[in-house]
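**Q** Sharing a structure below in structure tokens format, with a few things to ask.
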Amino acid sequence: MTNMMGEFEWTPERVAELTKLWATGLSASEIGRRMGITKNAVVGKVRRLDLTMRRAPAPPKRAPSVVTLDRLASNMCSWPQGEPGSEDFRFCGHPALPGKPYCDTHCAMAYVPAKRKVGTAA
Ligand SMILES: [Zn+2]
196 MTNMMGEFEW TPERVAELTK LWATGLSASE IGRRMGITKN AVVGKVRRLD
246 LTMRRAPAPP KRAPSVVTLD RLASNMCSWP QGEPGSEDFR FCGHPALPGK
296 PYCDTHCAMA YVPAKRKVGT AA
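Everything in the sequence shown is counted per my numbering, starting at 196 for the first residue and increasing by one.
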């Protein structure tokens with residue numbers, strides 16, 4: 196366990212480098228490797244610098260494609276998946292068709308022609 200206090204000095208040049216690397220979208224651990232510091236040092240400094248978090252750290256227990264209500268944009272498919280209220284409830288999130296709330300797949304499901312009747316278990 197190394198103590199970064201005193202071991203690594205955040206000179207303006209290094210801060211600039213960190214900011215630049217961070218902006219390129221590299222992971223904190225990769226930035227740390229390039230700068231010769233720990234991932235934690237990178238993350239800690241980024242927080243202190245208040246750099247814009249370009250992406251939320253992906254929660255490991257969730258698939259990257261999960262779209263929750265707070266992430267759902269107006270141009271994304273709002274087809275609900277899973278059970279409302281449960282933890283895995285989410286929205287499709289695929290690009291919606293113009294003027295429609297759903298993607299092409301879910302538009303096809305939402306607007307089923309009467310002749311192709313499927314068992315509706317609402
Ligand atoms: Zn969809």
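From the three backbone atoms N, C-alpha and C, an ideal C-beta is built for every residue, glycine too.
Out of Phe284, Ser224, Pro275, point me to the one whose CA is closest to Pro296's CA.
**A** Measuring from the Cα of Pro296, the nearest candidate turns out to be Pro275.
**Q** Output the boundary residues of the alpha helix (DSSP H) element that contains Trp217.
**A** Residues 207-218.
**Q** DSSP three-state label for Val307, please.
**A** In this structure, Val307 counts as coil in the three-state DSSP scheme.
**Q** Can you confirm whether the region 229-240 touches the region 199-218 when touching is taken to mean that 3 or more C-beta pairs between the two stretches lie within less than 8 angstroms?
**A** As far as the Cβ criterion goes, the region 199-218 touches the region 229-240, which means the pair count is three or higher.
**Q** Ignore the nearest five residues each way along the sequence and tell me which others in Ala305's own chain have a CB closer than 6 angstroms to its CB.
**A** Closer than 6 angstroms at Cβ, skipping near neighbours: Tyr297.
**Q** Below 8 angstroms on the Cβ atoms is my guess for Gly231 versus Val262; work out the distance and round it to an integer in Å.
**A** At roughly 38 angstroms, the Cβ-Cβ gap does not stay under 8 angstroms, so Gly231 and Val262 are not in contact.
**Q** Starting from the Cα of His301, find the closest Cα among Val210, Glu282, Met271 and give me that residue.
**A** With distances taken between Cα atoms, His301 lies closest to Met271.
**Q** Using only the alpha-carbon positions, how far apart do Pro293 and Asn235 sit?
**A** Whole-angstrom Cα-Cα distance: 43 angstroms.
**Q** Quick check: the Cα distance between Ala223 and Ser269, rounded to an integer number of angstroms?
**A** Going from the Cα of Ala223 to the Cα of Ser269 covers about 31 angstroms.
**Q** Are there any heavy atoms of ligand 1 lying less than 6 angstroms away from the beta-carbon of Tyr306, as far as the coordinates show?
**A** Flag unset: Cβ of Tyr306 not near ligand 1.
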